[in-house]
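Counted the way the numbering used here counts, the sequence shown spans residues 151 to 315.
Note that beta-carbon positions come from the ideal geometry of N, C-alpha and C, so glycine has one too.
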Amino acid sequence: MDEAVRVSDDWIKNWRASIAVKITAAVLYGVVLVGFVFAVFTLRNIEEKQRSEYSAQADQFAYQVEVELESVGTASPPAVESALRGRFSSFQFSAVAITLNRQRMAVGSPPEKAFTLLRTVHVTDQALQGAQRAAPLEIFFPPLHETAMARRNRLLIGTGFATLL
151 MDEAVRVSDD WIKNWRASIA VKITAAVLYG VVLVGFVFAV FTLRNIEEKQ
201 RSEYSAQADQ FAYQVEVELE SVGTASPPAV ESALRGRFSS FQFSAVAITL
251 NRQRMAVGSP PEKAFTLLRT VHVTDQALQG AQRAAPLEIF FPPLHETAMA
301 RRNRLLIGTG FATLL
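Here it is, written out as structure tokens:
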């Protein structure tokens with residue numbers, strides 16, 4: 151019985167004596183707290199950030215298609231479709247579609263509940279003898295909520311692994 155008390159006393163005595171354990175615990179607590187604060191600030195307004203990224207990509211895509219069609223000269227349906235296909239692969243769109251002279255040309259297949267942005271591309275029209283015509287361009291992205299949720303999960307997992315390290 152005397153031995154059990156002595157073991158208990160030794161454990162308490164060693165805990166009080168070990169400053170290294172206390173410093174390690176405080177540092178680990180600080181690391182976890184900093185990781186949590188980082189995750190909270192990064193995840194704030196994540197859907198709004200994703201929406202602005204989608205918008206910037208749509209603007210860039212529309213500009214690139216317009217420049218390519220301008221270099222071609224007159225915009226025939228094959229030239230327009232070729233411009234769409236040529237630029238489509240370098241972006242994270244699900245699909246794009248343009249309507250020119252009542253003819254709709256699409257590349258890719260839009261997902262269900264797609265996040266759609268509309269842009270206007272100015273093309274030289276054959277039927278109007280070289281005049282500029284506005285053609286509506288539809289750009290289909292993966293669903294905004296699902297993309298934001300996937301990004302949020304990746305960030306939380308990454309923060310968790312960084313905290314463990």
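(request) Starting from Phe290, follow the beta strand (DSSP E) in both directions and report where the run begins and ends. (result) 282–291
(request) Tell me whether the beta-carbon of Ile289 lies closer than 8 Å to the beta-carbon of Thr266. (result) yes
(request) Out of Lys263, Phe291, Thr270, point me to the one whose CA is closest to Val257's CA. (result) Phe291
(request) Pick out whichever of Phe186, Arg302, Gln242, Val184 has its Cα sitting closest to the Cα of Ala208. (result) Gln242
(message) Please identify the residue among Leu268, Val177, Glu296, Arg301 whose C-alpha is closest to the C-alpha of Glu262.
(response) Glu296
(message) Quick check: the Cα distance between Thr192 and Arg302, rounded to an integer number of angstroms?
(response) 9 Å
(request) Determine the closest residue to Leu294 out of Lys172, Lys199, Ala175, with distance taken between C-alpha atoms. (result) Lys199
(request) Would you tell me roughly how many angstroms separate the C-alpha atoms of Asn251 and Ser239, rounded to the nearest one? (result) 25 Å
(request) Taking only the alpha-carbon atoms, compute the straight-line gap between Gly310 and Phe211 and give it to the nearest angstrom. (result) 35 Å
(message) Let's test the definition: count the other Cβ atoms within 10 Å of the Cβ of Ala233 and tell me whether it reaches 16, buried, or not, exposed.
(response) buried
(request) Please list, in chain order, all residues of the same chain as Val182 whose beta carbon is under 6 Å from its beta carbon, the five residues on each side excluded. (result) Thr313
(message) For a quick check, are the C-beta atoms of Val273 and Ala281 less than 8 Å apart?
(response) no
(request) Please go through the region 161–244 and give each complete beta strand (DSSP E) segment of 3 or more residues, from N-terminal end onward. (result) none
(message) So if DSSP puts Ile248 in a beta bridge, which residue, or which two residues, is it bridged to?
(response) Met255, Leu287
(request) With DSSP as the reference, please indicate the residues paired to Phe265 in a beta bridge. (result) Phe291
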